[in-house]
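In order, the protein sequences belong to chains A and B.
For the first sequence, this note's numbering assigns the number 2 to the initial residue and increments by one for each residue that follows.
For the second sequence, this note's numbering assigns the number 237 to the initial residue and increments by one for each residue that follows.
Yeah, the Cβ is synthetic: ideal placement off N, Cα and C, and Gly gets one too.
Every value quoted in this text rests on a predicted model; they were computed, and no experiment measured them.
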Amino acid sequence: MIDKLRDDVMSVLDVVPSGASLAVGGFGSSGRPDTLLDALCDLGRRDLHLIVNNVGSDFTGVGRMLAEGRIRRLTASFPVLPEFYDEYFAGQVELELVPQGTLAERLRAGGAGIPAFYTPTSAGTMLSDGTFPLRYAGDGGTAECLPEREVRDFGGREHVLEYGIVADFGLVKAYQGDRKGNLRFHLSARNFNPVAGMSGRRVFAEIQELVEVDELQPDDVHLPGVFVDDVLLAAASPPKQPTIARSWT
Amino acid sequence: MTETVGSGTAAGLSRESIARRLAQDLRDGFVVNLGVGIPLLIPRFIVPGTEVILHAENGVLGLGPAPPPGQEDPDLTDAGKQPATLTSGAAIVDSAMSFAIVRGGHLDVTVLGALQVSQHGDLANWYVPGKNPAVGGAMDLVAGAREVWAVMEHVDRSGRPKLVERCTFPLTGRRVVTRVYTDLAVFHVADGELRLKECAPGVPPEEVRARTEARYVEDL
């Protein structure tokens, strides 16, 4: 009998050690698993490698982790939070800056058993030529740059080699979930959640609403339970129906 | 929204007028991604009877305008993380699928602001050294969309040309821009060569020439 529903977030997340890598869903605060992120802060975890599209714009979620000095490396496309950059330029946190589509595909590939792939994205830019600072020395100098990408020509066009990301853990947030771990997302809160769930070797899902098994129709499952290990209830806020616009004027 | 004329001339187009001019070139059925800045002014100028599907990087096909106050849904935002709505027939996808649409050539046009565009169509628009680096989806969009239309003021705040021989800011992509819309003119890039196709009303070609560093062919 498969039952992945857990009731105590702290005891479930206790398996995450300091120093772990975490693939985290969300786009800004939309679809971000704050219940899980808060629990890791409350558990005192440090030295974490977060793979997440944004830090966000305030001190909740990933921003809280940053403010509490728990992040060693951020793999992201759009960090935003000014305090993050203060720490980055001071050499206190590493920034692996990755184009957003490359980040999504690296997470998907890692979860799909594809170790690396070629993409035209970032060819001929400082994100692939080995000149972008991954880590500052703290005195203003650069301690280490992102590695130079291998380049290969396909159809007369330069492509760069990007590696799939297999994270130690995946943290996702869904609208509905069942005890088998099947998940359904709501509107654009889906974003990076399915690929974060694919990338993580062990995946925690916080859900807004628990539904009975079979209530989620097989055709309506966005991320099947095969990717999900533990299901926890999030602080619930019922989703709204989308507004359908009639015109732009 | 300011109506100031970027190039400090009596003639050039306002930001709204640049957006209106570009909107005339969007064809019925186009799937389009709009960046921040002037591109976000474009939807209100889309020619009536022309159906354009707007794509947002966070997984929206069929993005609509901001909702009325009180109707905001934290689960529905645009790529700038602002509350959004959907248009009739919209679809939601995850981030990997969203960028499969971008990279796979399923996007007809991406419209982005620019710091600089070179005479070969190189684009710089993601990073000013010394400021906070963030790339988002810009490099994927310019690498994958069938057309890359840069929209910008012709010169920067201190009057320096933004259409340059060679970009001095870090590149977003090499030889990716296919059109440039400014307050003074419209250029196309064909075979790695910049061509002046149109001057804004009241702007003589000599004035465009005087405010452009890039080499280009007049093809009016």
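1) Consult DSSP for T271 of chain B and reduce its assignment to one of helix, strand or coil.
2) Looking only at C-alpha atoms, which of A:T103, A:V13 and A:Y164 sits nearest to L233 of chain A?
3) Under 8 angstroms between C-beta atoms, does F28 of chain A make it to chain B?
4) Are the C-beta atoms of A40 of chain A and some chain B residue less than 8 angstroms apart?
5) Are any of the Cβ atoms in chain A nearer than 8 angstroms to that of F266 of chain B?
6) Within its chain, find whatever has a CB closer than 6 angstroms to the CB of A315 of chain B; leave out the 5 residues flanking it on each side and keep chain order.
7) Taking only beta-carbon positions, decide if A332 of chain B is within less than 8 angstroms of chain A.
8) Could you tell me if S31 of chain A is buried or exposed, where buried requires 16 or more neighbouring beta carbons within 10 angstroms of its beta carbon?
9) As a quick exercise: from A:S19, A:V25 and A:A68, pick the residue whose alpha carbon is nearest that of K174 of chain A.
10) Using 10 angstroms around the beta-carbon of K367 of chain B, count the other beta-carbons present and answer buried if the total reaches 16, otherwise exposed.
11) Does the beta carbon of Y86 of chain A sit closer than 8 angstroms to a beta carbon anywhere in chain B?
12) What does the alpha-carbon distance come out to for the pair V272 of chain B and D4 of chain A?
13) Would you verify that the beta carbon of N294 of chain B is, or is not, closer than 8 angstroms to some beta carbon of chain A?
14) Would the beta-carbon of P225 of chain A fall within 8 angstroms of that of N192 of chain A?
15) I need the DSSP call for T321 of chain B, collapsed to helix, strand or coil.
16) Check each residue of the region 244-261 of chain B: if its Cβ is closer than 9 angstroms to any Cβ of chain A, include it; give the result in chain order.
17) In angstroms, rounded to a whole number, what distance separates the CA positions of V391 of chain B and G111 of chain A?
18) Roughly how far, in whole angstroms, is the beta-carbon of D344 of chain B from the beta-carbon of V267 of chain B, given that I think they are within contact range, below 8 angstroms?
19) Once the 5 residues before and after E199 of chain B are set aside, which same chain residues still bring their CB inside 8 angstroms of it?
20) At which residues does the alpha helix (DSSP H) containing F335 of chain B begin and terminate?
21) Here's a check: name, in chain order, each residue in its chain whose Cβ is nearer than 8 angstroms to the Cβ of P18 of chain A, leaving out the five neighbours to either side.
22) Looking only at C-alpha atoms, which of B:A360, B:G380, B:A446 and B:F405 sits nearest to G340 of chain B?
According to the structure shown:
1) Reading the second sequence from its first residue, position 35 is the one you call residue 271 of chain B. Here residue 271 of chain B is Gly; the residue named in the question, Thr, does not match the sequence. Secondary structure at G271 of chain B: coil, using DSSP grouped into helix, strand and coil.
2) On the first sequence, residue 233 of chain A is found 232 positions in, with the first residue counted as 1. The alpha carbon of L233 of chain A has as its nearest neighbour, out of A:T103, A:V13 and A:Y164, the alpha carbon of A:V13.
3) Residue numbering aside, residue 28 of chain A sits at position 27 when the first sequence is read from its first letter. Chain B, which has a Cβ nearer than 8 angstroms to the Cβ of F28 of chain A, makes this yes.
4) Residue numbering aside, residue 40 of chain A sits at position 39 when the first sequence is read from its first letter. Taking CB atoms only, A40 of chain A has no neighbour in chain B less than 8 angstroms away.
5) As a working mapping, residue 266 of chain B is identified with position 30 in the second sequence. No, its Cβ sits nowhere closer than 8 angstroms to a Cβ of chain A.
6) Taking the second sequence and counting its residues from 1, one reaches residue 315 of chain B at position 79. If the five residues before and after A315 of chain B are omitted, its C-beta is found closer than 6 angstroms to the C-beta atoms of A292, E293 and N294, all from its own chain and listed in chain order.
7) On the second sequence, residue 332 of chain B is found 96 positions in, with the first residue counted as 1. For A332 of chain B, the answer is yes, since a Cβ of chain A falls inside 8 angstroms of its Cβ.
8) Counting from 1 along the first sequence, the entry for residue 31 of chain A is found at position 30. Buried, since its Cβ has 16 or more Cβ neighbours within 10 Å.
9) Sequence index remark: in the first sequence, residue 174 of chain A carries index 173 (1-based). With respect to the C-alpha of K174 of chain A, the residue from A:S19, A:V25 and A:A68 having the closest C-alpha is A:V25.
10) Along the second sequence, read from residue 1 onward, the residue named residue 367 of chain B stands at position 131. Exposed, by the Cβ-count rule.
11) Start at 1 with the first residue of the first sequence, and residue 86 of chain A comes out as number 85. Yes, Y86 of chain A lies at the interface with chain B (some Cβ there is under 8 angstroms from its Cβ).
12) In the second sequence, the residue the question calls residue 272 of chain B occupies position 36. In the first sequence, the residue the question calls residue 4 of chain A occupies position 3. So the alpha carbons of these two residues sit roughly 45 angstroms apart.
13) In the second sequence, the residue the question calls residue 294 of chain B occupies position 58. At least one chain A Cβ lies under 8 angstroms of N294 of chain B.
14) Looking up residue 225 of chain A in the first sequence gives position 224. Looking up residue 192 of chain A in the first sequence gives position 191. Contact: no.
15) Counting from 1 along the second sequence, the entry for residue 321 of chain B is found at position 85. Here T321 of chain B sits in strand by DSSP.
16) For chain A, none of the residues of the region 244-261 of chain B brings a beta carbon within less than 9 angstroms of one of its beta carbons.
17) On the second sequence, position 155 is the one that residue 391 of chain B refers to. On the first sequence, position 110 is the one that residue 111 of chain A refers to. Spanning the two alpha carbons is a distance of roughly 44 angstroms.
18) As a first step, residue 344 of chain B must be located in the second sequence, where it is residue number 108. As a first step, residue 267 of chain B must be located in the second sequence, where it is residue number 31. The beta-carbon distance between D344 of chain B and V267 of chain B, rounded to whole angstroms, is 5 angstroms. This is short enough to meet the 8 angstroms contact definition.
19) This structure leaves residue 199 of chain B out entirely; chain B is present only between 237 and 456.
20) Looking up residue 335 of chain B in the second sequence gives position 99. Start and end: S331 to R339.
21) Start at 1 with the first residue of the first sequence, and residue 18 of chain A comes out as number 17. Counting only residues of its own chain and dropping the five nearest sequence neighbours on each side, P18 of chain A has a CB closer than 8 angstroms to the CB of R46.
22) Position 104 of the second sequence, counted from the first residue, corresponds to residue 340 of chain B. Taking G340 of chain B as reference, the option from B:A360, B:G380, B:A446 and B:F405 with the minimal CA-CA separation is B:G380.
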